[in-house]
Amino acid sequence: MKYDYAYKRKAVEKYRKGEWMKTPERANETNFRQMIRKWVRLEYACSSEVLKQKNRHKEWSAEELYELVAKVLAGKSIKSVAFSVAIDDGMLSSVLTNTKQRGKNHPTRVGTRRLMQKK
Numbered sequence: 001m002k003y004d005y006a007y008k009r010k011a012v013e014k015y016r017k018g019e020w021m022k023t024p025e026r027a028n029e030t031n032f033r034q035m036i037r038k039w040v041r042l043e044y045a046c047s048s049e050v051l052k053q054k055n056r057h058k059e060w061s062a063e064e065l066y067e068l069v070a071k072v073l074a075g076k077s078i079k080s081v082a083f084s085v086a087i088d089d090g091m092l093s094s095v096l097t098n099t100k101q102r103g104k105n106h107p108t109r110v111g112t113r114r115l116m117q118k119k
C-alpha cells in the first residue's frame, strides 16, 4: 500500500508518543508496524522530507553505487548504509551482489527488466 506524507508523519508522531496507528484493513499488523519503524529510522537518519513520495527515482551513477558498496565492505551494515542515503536495503544488497560477481567496472542497471518492448 502507498501512504501519503501526512499519514506517515502522523504515524511517526504517534509512535514517538508510544502509541500505534490503527492498522488498515488490507495490511498485516506486523508488517505495518515494521513499516512505521522504518519511517521513524528514515526520518531520524535524513529528514522528514524523505517520507514524501518522489515523482522521479534518482539515477545512480556507478561511482555513487561503488561508494555505498565500499562502506558495506568496510564493515558497516547494509541497513545502516541504506538508511543513511534513504534507499531500500534490498536495492543495496543487489548492487553489492552484482559488484562482487562482476566487479567495479561492469555496472548493471538496478531494477526489473521490461518484459514487453514499447511500440
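Numbering (UniProt numbering), first residue to last: 1 to 119. Just so you know, even glycine gets a beta-carbon here, dropped at the ideal spot from N, CA and C. A quick note: this is a predicted structure, and the numbers were derived from the prediction, not measured.
Alanine 6: member of the alpha helix (DSSP H) spanning 5-16, first to last residue.
Taking 8 Å as the cut-off, the Cβ atoms of isoleucine 36 and tyrosine 15 count as close. Looking from the CA of alanine 62, the closest CA among Leu96, Phe32 and Ala27 belongs to Leu96. Closest option to leucine 51, judged by alpha-carbon separation, among Asn98, Arg9 and Arg102: Arg9. Looking at Glu64, Ile87, Trp60 and Lys2, the one whose alpha-carbon comes closest to that of arginine 41 is Ile87. Shown here for threonine 23: same chain residues with a beta carbon closer than 6 Å to its own, the five before and five after excluded, namely Glu29 and Phe32 in chain order. With fewer than 16 neighbouring CB atoms inside 10 Å of its own CB, tyrosine 44 falls in the exposed class.
Burial is judged here by how many other beta carbons sit within 10 angstroms of a residue's own beta carbon; leucine 73 has fewer than 16 and is exposed. In this structure, the CA atom of lysine 38 is about 26 Å from the CA atom of threonine 99.
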